[in-house]
Structure formats: structure tokens, C-alpha cells
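These protein sequences, in sequence, are chains A and B. Positions in the first sequence are counted from 1; adding 988 to them yields the numbering used here. Positions in the second sequence are counted from 1; adding 15 to them yields the numbering used here. Ideal Cβ positions, reconstructed from N, Cα and C, are used throughout, including at glycine. Report on one structure; see the data block that follows.
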Amino acid sequence: MATMRDGSRRDFLRQSVAGAAFLCASGGAAALTTAAPVAAKPGAAGAKSRVVVAHDEMLRGADSKVDSGRMLALLDRAMKALTGHDHPVDAWKTVVRPGETVSLKVNALGGRGLSTNVQLVAAICERLQEAGIRASDIVVWDRESSELERAGFHLAMGGDRVQCYGTDRVGYEENLTGWGSVGSRLSKILTQRSNVLINIPVLKDHDGAGVTIALKNMYGVIHNPNKYHPDGCNPFVADVNMLPEIRSRMRLTICDATTAIYQGGPGYKPEHCWNANSLLVSEDPVALDHTGWQMIERKRAEKGLKTLEAEKRAPRYIATAADNEHRLGTNDPKRIAVVEL
Amino acid sequence: MLCGLEVQEIARNQAGSPLDRRSFLKCALASGAALGGGAALGLAGVAEPAAGIASGATSGTQNDAQFVTEAKFYQKLAERKIKCKLCPRECIVGDKERGYCGVRENRGGVYYTLVHSRVCAAHIDPIEKKPLFHYLPGTVAFSLATAGCNVNCKFCQNWDISQARPEQIPAEYMPPRRVAEIAKQYSCPTIAYTYSEPVIFSEFLMDAADAGHEAGVRSIVVSNGYIQEEALKAAYGKMDAVKIDLKSFSDSYYHKVVTGQLKPVLETLVTLRKMGKWTEIVYLVLPTLNDSDQEFRGLAQWIKANLGQDVPLHFTQFHPEYLLKNLPITPVPTLERAKAIADAEGLHYVYIGNVPGHPSQNTYCPKCSKMLVERVGFTASQMLIRRSSCPFCQHPIPGVWHA
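Dropping the structure here:
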């Protein structure tokens, strides 16, 4: 931690990230929980997929805004628990290597109320740089720049800063890429500006798909997501995640559950949101989605709502993503190790 | 020269944006189409953008607000949701979301079309290219499209505009009066709504048709017919002729290959018949997928029973595109087999399309068998019909033959 808190180093990092929105004030670190090393890669025979659910009841200050220092500490706890490393930078070094170009696919559709938290993204950018990634080799992105701005991100293109912009600024690949039922053009941010993909979705109910968490967030990578919403997005979500350009780059999912929605999603409806003050972190997006889905079901039960199954919108694409044809991870609770911090 | 001029204009507006290969080709094709009336390139059914803007970044090059207007066919639901009543899909769309077509968006419980006057492809085409063979042969149509489609045919020739969201495609602001002016200026007796799927830009189509009629220009539509009855009557009621792509006579094909349903399309054809609209049908024949004798026969029998023997039916040749590049070009004997079956079932005007030089591109009198309209490519090279009748035996030939 001493290295992280080094003034000059931290100042350098602060200057490197894009805009004031990314700046993190230091805050007290929450108690650390030591966990076993990260599980084997998704789908590995016999291994359990680890999903870390890190929670901080004090994540928000008196004004109910997320405290950036506590967010950094929460992220550190989660990453250390996932990887088994005692030091957060070491944890990140298991995810990225110096010289790599890293794209952070956020979800900015829900405006300021229900999008990927800016403080979380800033914390990730800070740790990535400490792990050896140049600021300009990090790009924070979603489909539209205007959506990023509405979610509180400051756009940045060029220079030595962390980059932040939508696919609208660079466009989609001309040629189609396909897998199974899906044929799409992919964002050039993914294909030309990054070789590592870190998925940073939001924990959300979805009126058609059941839930939208990690797997469905990849709809923001393709040019024609509207074509893949019928039938509860099944098997389309699983097929999109099988696209080679996505699958080969995917390293990690950090689901933002600081504010989540259990009904009426994916749009922001404050009456159905709750402050879960949590992060879900995993290398297995299927296991993470299954875990997040159960969190939403628990909240729905608490609120006296029917299950998604009873509403005929259970997220069946999660099971499809785990089947023998896809093997994107596991949805078998017996093969998922949920580590709650 | 229209398209070439417009391409040059747009290219100047985009100064500093180097054209990539695809955009260069689009520019070149669009210019060539203008010079050659489209047909000279032999690019049957292939739309090119109205503007030769470099692909890639598009945001900021268009003022989105000018294309947005409230949709006509939808129903408001609780929690700021809406149900779209335009096509049989009946998308239920939450706030800030779009329907399947990708060009209609719910904003705070109000549903908007994002493509009114948002023209992404425009050409002057021979009407035979639509194809309409019994409607003003030998004339040209000012043909336009917006982005978007309400199905997702795996063989789509124009997938780069039909399967895109409007903000991903360079487009021009072309309000209805301007559409009518251009048609008039270039001596086009018709405006054709085509290339992508006009169902999804119904509001624009209706307004442009009104503007056209005021200026003495008719309207025709090239459509999949996947539309609800109320919208059909309101929108296509303003059309002077309709071409429907009946993509198969099998519901499973519609489900798997088209991402739609057969029944609503058949209902559309029957409604158009009742409305008295001049209608022609195209059936694109895909090897192994919709080319059985049984299907051809069922199709011909249904048309005869429900629409009559005089509806022109075009069996057209498939060329590998989009998600079906693994299939071969439709063999000509397959098309000839389809025609033979439809002829045997009693249909009077069965054509073979996309096969230049094939004699079944011509129109023959069903009574005396004399050739009445000779077509070479997309050009009607000889037109003998007089007063809507065969000049040899005076048998009436259905259609709209003269302006």
C-alpha cells in the first residue's frame, strides 16, 4: 500500500487520467479479507469458478454519493480475493501485462442514475497504470459518446490521458463477424484499439432478457443489438459472447452493483433501484451472471415481486452460455465458489 | 446526374476525411449509377448510399433532431413503455430503448421515428429494377431509402443499410417536398420507397407520397409486406403500386431465414387486393431452402385462389450475400422449374428475374402467346401493349401501362 499512496506517483497517475471525474480522493481502506487464489479459467474441468462479491456498507458518504477512496479500497479487496495476491497491484498484474492496450467496456445507458460508476472506473484505471499499462493505452467506452457524458464521464481522445469515447467516434468494422445466430459488425474500439477487454457492467433487471449483467453488456460492442432482443435474447447473448474478437480479448468482469435495479430495467427507475454497495468480480462471466441474477431474485422476493421465471422472463441465455456448444463458463451452483467479503 | 452531383457535394463537405476503399467504391458506384441510370452497372437491387461519406465515425455529421418525429402507430403502456403497432412484431419498448427495427425509440413514453427525411440511399432507377413489370414500363423512379428493417433476412443484399441503426449510416436531410422536387426535376413519374424496408419509415413515406401527388408524381413501394393492417391501409393506401417480397411459402423459413412470419404477409397481399392496389410479387429462390416443387405449387395455388391469375409473379435468382455466402447462385433450371409449375397452376404472368437475357423476362399475351413487352436487362426495349390490351388478339393485359 505504501507504494500506491506515494505522493508523486499518485499525482502522476491523477494527471494522466481523463478529466476531474476520474480523480480519486484517498479514503480509508476497508478491512482486508484474505482469500484463496483465483480459480482456474472458466470451463476448466473440475475447477470451480470464483465470483467475489465485495460489499461496503459505508461506500457512500453523507450525501449518498460514492466515496472514491472507499471505492478503490473495495476494488482492491475484491481483486485480492479473486487472485489470492496480498497486494492489489500484484493482483492486477495477473490480469494485464505492460504494453497491452486495455479497453474498459462500461454500461452508460442508464444516465447518471444507473450507469457504471465513474469512481469505479477511475479506480480501475489507477490500478491498471500501476500494473504497467500506459494511460493512453486505456480506453473507457460504450456505444455513444453522448451516453458516456450523460453518465458522468468526461470524453477524452488523444494525448497521454486515459481515453474515453463512444464507438460513434471511430465506427464499426466494415466486415461482418459471425457465430451461431449472430452476424454483426464490431466496434473498432474493441478490434483496433485494444487487445484486452475488461467488462464493467451494471447489475440490472431487464424487461425482455430477465437480467442484464456481464454477458448482455457485450450487446454494446455490436452494431445491431436491436436484432437480438427477441426470445429473451436467447441464444443471441451467448452467441455474441462467442464472437472470436470478443472472446479472445475478454479477461475480467467487474460488475458495478453500487446501485442496482430489481424491476423495470434496464432504464433508470429510481423507485426500483437499491444501493447494493457491492462489486461482483470474476473471470467467469456466466458464473457472475448467475450470481447476479440470484441477487436480483433475492431483492425481488424481499419486495414481494414474482420471480423472473414466474414472469416468464428468466434469463435463459445464461444456461445457453454454459452449454456444451458455448462453454463460456458455468451456471452450475455447485461449480461456482461465491466469495462474499 | 443527380446522384453524382450529390456525391460530389457531400465529398466536399467531408473534406479532410480520407475515403477508405469501401467509401471510394460507394462514391464511384453512386456516380456511375447516376450516369448510367443504375442499370448500366448491372447492380440489381444493390443500393448505394446517397452520400459518399467515409464510413466509420458518423456522429456529428448529422443533426439527429431534424429527423425525429413522433411515430404514428403505437400504443402507450404503463411505466413509460409503449407497444409498437406498426408491424406484427408488436415490440414492447421501454424508455430509452428501440424496437427491433432500430429506427424507433421510446423517449419518456413517447415513441419516435428517427428516420423521417433521413435518406441514406437515393438513385434514379428503371422501374423494371424494382421489379414492377406491369406498371409504367420503360420509366424511371426516384428511389430512396432510410436505414433500418423490421426483419433480418440472412440473404439481404443491402444489409449494410437495412441492418444498421440510422446514426451509423451517412444520410442526407431530404424532406418530402424536396423528394417530390427531385423526382419532378429529373422527370421521374414515380418515387420508389425501396432498398431497405419502407415499413419502418412509414411516416416519411406517407408525407413524401402526399408531397409527390401534389406535384403530380406517383409513389410505389418495394416492401416485405410485414405490416399491421391499420398501418398498411394508412401508409400503403397512399401508394400507386406495390411490390411485395414473398420470401417463402413456409412459416419455418420465415422464422429461420427471415426472422418473421408468413401469415401476416399473406394477409397483407389479400388486403392490398381488396384495396385495389396494383401489386406484383417477387419470390427470391434460394437453393435448398425454398426451392421445392411442393412450395412452388402451394405458392401458385394460393395466389390463384386468393389474388387471381393475373398477379405478376417474379421468381428471381439469389446471389450469395450477407449471412448466406455458403449457398450457390440459384441455377437457372431451378427458376425455370418454378415458372413451369406456376404456369401449370394457371398463373398468367410468371417471370424469371436477375437472369439477363432470359426470355421469361418478357411479357407474353396469355391468350395468343405473342410477345408484348421485350426487356433487356432493366430496360423495356419494346412495348406493344395498346389501351391495356394485346394488339394482336385484343386480350386485356392487366397493369398500368401508360402514365
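Residue i, DSSP secondary structure in three states
i, result
"R133/B", "strand"
"K1322/A", "helix"
"S38/B", "In this prediction, S38/B scores a pLDDT of 36, lower than 50, which makes its location untrustworthy; the coordinate-derived value is nonetheless stated afterwards. S38/B: helix per DSSP, three-state reduction."
"A355/B", "helix"
"D260/B", "strand"
"Q1251/A", "coil"
"T84/B", "strand"
"Q409/B", "coil"
"H1142/A", "coil"
"F170/B", "coil"
"I1201/A", "coil"
"P146/B", "coil"
"S403/B", "coil"
"L1108/A", "helix"
"V285/B", "helix"
"E1328/A", "strand"
"S985/A", "Any answer about residue 985/A is impossible in this case: the structure gives chain A only from 989 up to 1329."
"Y126/B", "strand"
"K271/B", "helix"
"W1080/A", "helix"
"I344/B", "coil"
"N369/B", "coil"
"S1014/A", "Its pLDDT being 30, under 50, S1014/A is placed unreliably in this model, and the coordinates cannot settle the point."
"N377/B", "coil"
"N121/B", "strand"
"R1315/A", "coil"
7 Å Cβ cutoff, residue i in contact with chain A
i, result
"D110/B", "yes"
"Y115/B", "yes"
"E94/B", "yes"
"L338/B", "yes"
Residue-chain proximity (residue i, chain B), Cβ-Cβ < 7 Å
i, result
"D1195/A", "yes"
"G1198/A", "no"
"H1142/A", "no"
"K1215/A", "yes"
"H1260/A", "no"
"N1205/A", "no"
"V1212/A", "According to the sequence provided, residue 1212/A is Asn. The question's Val does not apply to it. Interface residue, yes."
"G1252/A", "yes"
"G1146/A", "no"
"G1255/A", "yes"
"G1171/A", "yes"
Neighbourhood of residue i by C-beta, 6 Å cutoff - its chain only, sequence neighbours within 5 removed
i, result
"C171/B", "S177, Y337"
"T294/B", "V257, L287"
"S234/B", "I206, A224, G227, M254, D255"
"A1275/A", "S1037, V1039, G1317, T1318, I1324"
"S1270/A", "V1039, T1241, L1276"
"P190/B", "S132"
"G117/B", "G163, R180"
"R1122/A", "none"
"Y208/B", "L220, V236"
"K385/B", "F407"
Same chain, Cβ closer than 7 Å to residue i, five either side skipped, listed in chain order
i, result
"Y241/B", "C102, P103, N165, V166, V214, G275, P279, V280"
"A250/B", "S217, L220, M221"
"S1133/A", "L1143, Y1153, G1154, D1156, R1157"
"W1262/A", "A1248, Y1250, K1287"
"L151/B", "I142, P204, T205, V415, A418"
"R1206/A", "What sits at residue 1206/A in the sequence shown is Met, not Arg. Excluding residues within five positions, the ones whose Cβ falls inside 7 Å are V1228, N1229, I1234."
is_contact[residue i, chain E] using C-beta, thresh 7 Å
i, result
"N377/B", "In the structure shown, chain E does not exist; the protein chains are A and B."
Neighbourhood of residue i by C-beta, 8 Å cutoff - its chain only, sequence neighbours within 5 removed
i, result
"T303/B", "L342"
"S265/B", "L277, N305, E310"
Residues in the stretch 1083-1104 of chain A having any Cβ partner in chain B nearer than 9 Å
L1097, G1098, G1099
Can you list the alpha helix (DSSP H) stretches of 4 or more residues lying completely in the stretch 183-262 of chain B, in chain order?
191-200, 217-229, 244-250
Residue ranges of each alpha helix (DSSP H) within the stretch 299-331 of chain B, 4 or longer:
308-321
Residues of the stretch 167-193 of chain B in Cβ contact with chain A at a cutoff of 9 Å, in chain order, please.
N167, K169, W174, D175, Q178, A179, R180, E182, Q183
Interfacial residues, the stretch 1147-1160 of chain A to chain B, with Cβ spacing under 7 Å:
D1156, R1157, V1158, G1159, Y1160
Jot down the residue ranges of each uninterrupted alpha helix (DSSP H) in the stretch 1233-1305 of chain A, minimum 4 residues, whole runs only, in chain order.
1273-1290
Which residues of the stretch 1214-1242 of chain A have a Cβ closer than 8 Å to any Cβ of chain B? Give them in chain order.
N1214, K1215, H1217, P1218
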